[in-house]
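Just below is one structure, and these are the notes that go with it.
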Amino acid sequence: MRRTPIAFALAITVLLLGLTAAPSLAAPRNQAVGDRLDLRAGDQAFPGSTPFHIDHGFVFAIGDRTIGLTSFMLDMDGTDLTADFIRWSPAGDGFSVDELWYFNFPAGLTGTHVFTRHYFVACDDAGTPCDGNRINTPVETFTISAVVTFTTP
132 MRRTPIAFAL AITVLLLGLT AAPSLAAPRN QAVGDRLDLR AGDQAFPGST PFHIDHGFVF
192 AIGDRTIGLT SFMLDMDGTD LTADFIRWSP AGDGFSVDEL WYFNFPAGLT GTHVFTRHYF
252 VACDDAGTPC DGNRINTPVE TFTISAVVTF TTP
């Protein structure tokens, strides 16, 4: 008699574990989807309703003391987007590393949208003025927009 509730509890536990693991198996974490939309190219056309990603960020010399004190934001049509993940990796030259913010668009987009990149660095009153703020306060140092028209196939 006592075995039935234990078997039932075990079955429920296995089912719940399977349901919580399924989404992570279906959508890999920290992986870019589709082709890269490079906003450095400026205003451009891109295939609509096609998965794509945007990644931008910073490159640092190894040993640079400002690593980790930068930030990148992306907005679309004036609305801030949340990065899907941030990746640190060697830049390939043996002397630098990059920090890139990735924004995935698995369903793609349609129409015309304005993407604005915002770059923030820590102020130091040497190269980047703090304007009365504490040292290492994030300061926006560069902003640039690109208009992307998503074309229909």
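Letter by letter, the sequence shown follows residues 132 to 284 of the working numbering.
A virtual CB, placed ideally from N, CA and C, is assigned to each residue, including glycine.
Computed from a prediction, not measured in an experiment: that's the story for all the values here.
- With fewer than 16 other CB atoms across the displayed protein chains lying within 10 angstroms of its CB, A257 is exposed.
- Taking the Cα of G165 as reference, the smallest distance to any Cα among A238, S220, I198 is reached at A238.
- Judged by DSSP in its simplified three-state form, R171 adopts helix.
- Around A222, the same chain offers V190, V228, D229 as residues with beta carbons nearer than 7 Å, after the five sequence neighbours per side are excluded.
- Per the coordinates, the alpha-carbon of F226 lies some 10 Å from the alpha-carbon of D195.
- Non-local beta-carbon contacts of T181 in its own chain, meaning distances under 7 Å to residues more than five positions away in sequence, involve G165, G239 in chain order.
- When rounded, the separation of the alpha-carbon atoms in S202 and P178 is 29 Å.
- In this structure N267 does not touch L212 by the C-beta definition: roughly 25 Å separates them, more than the 8 Å allowed.
- DSSP places P178 in the strand class (E or B) of the three-state scheme.
- Excluding residues up to 5 positions away in sequence, V228, E230 lie with their Cβ nearer than 7 Å to the Cβ of W219 in the same chain.
- In this structure, the beta-carbon distance from V279 to H244 falls below 8 Å.
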